[in-house]
Amino acid sequence: MKINIELMGSLVDYLPDSERGQSVLILKDESTIADLLSHLKIKRRVIVAVNGDEEKGLEYVLSEGDEVLVFTVISGG
Amino acid sequence: MSYGYTGKILHVNLTTSEITVEEPEEQFYRTYMGGSAMGMHYVLKETPVGVEPLSPENVLALCTGVVTGTPISGQSRLTSVAKSPLTGCIGDAQGGGYFPAEMKFSGFDAVIIKGKSPKPVYLWMHHGEAELRDAGHLWGLTTGDAEDKLKEELEDKRIEVLQIGPAGENLVRFAALISMSNRANGRTGMGAVMGSKNLKAVVVRGKQKPTIADPERFKELQKLGKTNLEPTGMDSFGKYGTPEVTSPQNKSGGLPTYNFNSGTFDKHEEINGITLYNEHLRGHERDEQNRFGRDTCFSCSIKCKRVSQIDEGPYKTEAKYGGPEYETLATFGSYCGISNMDAIIHANALCNMYGMDTISCGATISWAMECWAEGKLTSEDTGGIELKYGSAEAMVKMTEMIAKREGFGKILAEGSQKASEIIGRGTEDYLITSKGQEAPAHMPQVKRSLSVIYAANPFGADHESSEHDPAYKAYPERMEQIGLTNPQEKLALNEEMMRFAMVTQHLSSAVDSLSVCAFIFGASFQLYDADKLVEVVNAVTGWDTDMTEILAVGERRLNMLRAFNSREGIGRESDTLPKKMFKRPLEGGRSDGYSLDEKEWEAALEDYYRLCDWDVKTGHPSLKKMDSLGLGWVVAENEALSQVVT
Chain E
1 MKINIELMGS LVDYLPDSER GQSVLILKDE STIADLLSHL KIKRRVIVAV
51 NGDEEKGLEY VLSEGDEVLV FTVISGG
Chain A
78 MSYGYTGKIL HVNLTTSEIT VEEPEEQFYR TYMGGSAMGM HYVLKETPVG
128 VEPLSPENVL ALCTGVVTGT PISGQSRLTS VAKSPLTGCI GDAQGGGYFP
178 AEMKFSGFDA VIIKGKSPKP VYLWMHHGEA ELRDAGHLWG LTTGDAEDKL
228 KEELEDKRIE VLQIGPAGEN LVRFAALISM SNRANGRTGM GAVMGSKNLK
278 AVVVRGKQKP TIADPERFKE LQKLGKTNLE PTGMDSFGKY GTPEVTSPQN
328 KSGGLPTYNF NSGTFDKHEE INGITLYNEH LRGHERDEQN RFGRDTCFSC
378 SIKCKRVSQI DEGPYKTEAK YGGPEYETLA TFGSYCGISN MDAIIHANAL
428 CNMYGMDTIS CGATISWAME CWAEGKLTSE DTGGIELKYG SAEAMVKMTE
478 MIAKREGFGK ILAEGSQKAS EIIGRGTEDY LITSKGQEAP AHMPQVKRSL
528 SVIYAANPFG ADHESSEHDP AYKAYPERME QIGLTNPQEK LALNEEMMRF
578 AMVTQHLSSA VDSLSVCAFI FGASFQLYDA DKLVEVVNAV TGWDTDMTEI
628 LAVGERRLNM LRAFNSREGI GRESDTLPKK MFKRPLEGGR SDGYSLDEKE
678 WEAALEDYYR LCDWDVKTGH PSLKKMDSLG LGWVVAENEA LSQVVT
């Protein structure tokens, strides 16, 4: 299945430079958020929003065409 | 024997040139632990009630903490406190670099400064000694030039200098203290206080390294700093620095744009951390930014500081003035509708050269730009400068004019709130200030617990005084360490979110008292969690402190700041937010239509007061609370305070 992914801030480094943090990924059917993070080799603490909903857990099963946003919580400046 | 601290506090009276050394007991250090709390001890004891902030009687305290100068990430920070010329309330500002550690090595934990020198001087603290020296030849110099001259004069390239630039000499109300020509104790105008005393700089050098009580445990904690890098993401925070948050903030609708009228900037990618790293850090042409475009503080492995250099053109900039943080990219960028990165880099450098806070400076200009857009300011006011949103040229020009107090810059040098009082014409409707301090680049309409912290914080709107709302849900195991186990829905502004705000404020307040870095120690994304902060303090000092005691240090400092305001007659009436946050819904992006509801907000503020044990009607701390924190003396020694604290 295909999902649309956007990685925010420093997470852009988990995709090739040319994609500037946005990509369409092909994953096995019934992949979870945990599978997606593992596919991207993201080991750090992140927040994942699926179609705008940040409440899904790591075991949530993704669907074809999902819009997935991955970001971190850093509150400084 | 004292571990971690030197046991010596320097007292300098600039009027009489008298210099004395105090050696407090261990209990003093255990009670305050350093930084802001330690400084407030002296400010409350020695500053007369109602003092004019730019008068000789205002006391300026510069304090390190009990772990400053030990070889672990995040410890080299210095806190400055004094009554603020920007707000008329207590002022407080932290800064990092190498100066704080070197000040400890010079043999002193803190320096308490009062009086006014009859002529410009600098304070030279070295190898356990201190003297005042003539600074007539340094007055008027930019920070970079003054630092070069001092290194030459003292024949030592390894001195560290904390100084004011021309903006501090000119008493710009948001003038900063600057070290390394690019690190700022930025907020609340501490540079103007130092300028009013004719004190150009504090220069330090020494070899007295702090002794560590438990070296084995300390080594383990040092190692943890390395193994924590990837899981916490602090490795990439080092690579992109604070600017990495620019686009995520925009995505959430929380990037202040057009003077806080929107949370979304359509050109955010031109001013974000990725663009800064790839195209504007020194060495980017050869892909060598990590070597030439990043800098760090004493013994810190993160290297989050930016270094930019522009070789030619109108925004030519020297690398020694550093590079912009997220706050600076926002205030000179999206606040003003500007996406010209070179102009922002240059404005940042001007602030570091002249010694000004980039947040208040950029936000004061964005306020003036909104006044211009609304027809409240014209070229007659500005001397012909068209202060239009998006004009990089006008923004840079105005930054320089503020520092020099030239033309319209003379009015903006007062800060936006005082400037609006001078100009009138309804310009106060466009202010984004709390207690007269311009709001930093995190939006209370989007991260709602900040709405109460911005208003109630004793030194004005501040983004480093508590954790931000999304952290509660994102870091449950770290929040549990400080007793927070009940995260709330997004945009909630209820009693539990006020508890989150208050408890994390106490921890942040302890961080500012220990004078350590808020990116390294804290209850959410930081390199070390709150439990490890306790362990670092114990490993260095040999104490047996715990989380309850550390949080109490933070609460003590917060109540000292609050009590300072109370004795000045400042209470609940000053705990306000800019009108526009209630009356003007945000436009565009994910926060389109967001505003704060006044009734809901007032109720939250009262919840916060109750949780703090502050009087709901007056906002003053209760006598019971002051007593429980060992602050009964603050009330007993001050008649004005004893009349309002009950």
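Sequences listed follow chains E and A, in order. Going left to right, the first sequence walks through residues 1 to 77 as the working numbering numbers them. Going left to right, the second sequence walks through residues 78 to 723 as the working numbering numbers them. Don't be surprised by glycine CBs; every beta carbon is placed ideally from N, CA and C.
Local Cβ density within 10 Å of residue i, reported as buried at 16 or more and exposed below that
i, result
"residue 363 of chain A", "exposed"
"residue 292 of chain A", "exposed"
"residue 17 of chain E", "exposed"
"residue 127 of chain A", "exposed"
"residue 195 of chain A", "exposed"
"residue 229 of chain A", "exposed"
"residue 645 of chain A", "buried"
"residue 357 of chain A", "buried"
C-beta neighbour in chain A for residue i, strict 8 Å
i, result
"residue 53 of chain E", "no"
"residue 47 of chain E", "yes"
"residue 9 of chain E", "yes"
"residue 72 of chain E", "yes"
"residue 43 of chain E", "yes"
"residue 12 of chain E", "yes"
Beta-carbon spacing of residue i, residue j below 8 Å
i, j, result
"residue 545 of chain A", "residue 524 of chain A", "yes"
"residue 429 of chain A", "residue 664 of chain A", "no"
"residue 463 of chain A", "residue 456 of chain A", "yes"
"residue 473 of chain A", "residue 423 of chain A", "yes"
"residue 353 of chain A", "residue 257 of chain A", "no"
"residue 707 of chain A", "residue 108 of chain A", "yes"
"residue 604 of chain A", "residue 559 of chain A", "no"
"residue 270 of chain A", "residue 135 of chain A", "yes"
"residue 163 of chain A", "residue 432 of chain A", "no"
"residue 401 of chain A", "residue 367 of chain A", "no"
"residue 490 of chain A", "residue 482 of chain A", "yes"
"residue 114 of chain A", "residue 145 of chain A", "no"
"residue 275 of chain A", "residue 198 of chain A", "yes"
"residue 601 of chain A", "residue 541 of chain A", "no"
"residue 536 of chain A", "residue 304 of chain A", "no"
"residue 212 of chain A", "residue 239 of chain A", "no"
"residue 173 of chain A", "residue 154 of chain A", "yes"
"residue 23 of chain E", "residue 11 of chain E", "no"
"residue 287 of chain A", "residue 531 of chain A", "no"
"residue 702 of chain A", "residue 642 of chain A", "no"
"residue 508 of chain A", "residue 407 of chain A", "no"
Residue i, enclosing alpha helix (DSSP H) - first and last residue
i, result
"residue 689 of chain A", "675 to 689"
"residue 317 of chain A", "311 to 317"
"residue 720 of chain A", "716 to 721"
"residue 140 of chain A", "Unbroken run through residue 140 of chain A is the beta strand (DSSP E), 137 to 140; no alpha helix (DSSP H)."
"residue 704 of chain A", "700 to 705"
"residue 111 of chain A", "Note, residue 111 of chain A: premise wrong, no alpha helix (DSSP H); not H, not E."
"residue 50 of chain E", "That residue, residue 50 of chain E, is in no alpha helix (DSSP H); its beta strand (DSSP E) goes 47 to 50."
"residue 538 of chain A", "Residue 538 of chain A -> no alpha helix (DSSP H), and no H or E assigned at all."
"residue 712 of chain A", "709 to 713"
"residue 300 of chain A", "292 to 304"
Test: residue i CB closer than 8 Å to a CB of chain E
i, result
"residue 569 of chain A", "no"
"residue 322 of chain A", "yes"
"residue 601 of chain A", "yes"
"residue 86 of chain A", "no"
"residue 350 of chain A", "yes"
Those residues which DSSP pairs with residue i across a bridge
i, result
"residue 97 of chain A", "A/88"
"residue 66 of chain E", "Its beta-bridge partners do not exist; DSSP assigns none."
"residue 106 of chain A", "According to DSSP, which records beta bridges pairwise, residue 106 of chain A is partnered with nothing at all."
"residue 727 of chain A", "This structure cannot speak to residue 727 of chain A, because chain A is shown only from 78 to 723."
"residue 260 of chain A", "A/256"
"residue 598 of chain A", "A/605"
"residue 159 of chain A", "A/168"
"residue 433 of chain A", "A/252"
"residue 383 of chain A", "A/371"
Proximity test, Cβ basis, 8 Å: residue i and chain D
i, result
"residue 309 of chain A", "As a matter of chain content, chain D is missing from the structure shown, whose protein chains are E and A."
Terminal residues of the beta strand (DSSP E) in which residue i lies
i, result
"residue 199 of chain A", "198 to 203"
"residue 187 of chain A", "187 to 191"
"residue 280 of chain A", "276 to 282"
"residue 211 of chain A", "206 to 211"
"residue 170 of chain A", "167 to 172"
"residue 26 of chain E", "22 to 26"
"residue 745 of chain A", "With chain A running from 78 to 723 in the structure shown, residue 745 of chain A is simply not present."
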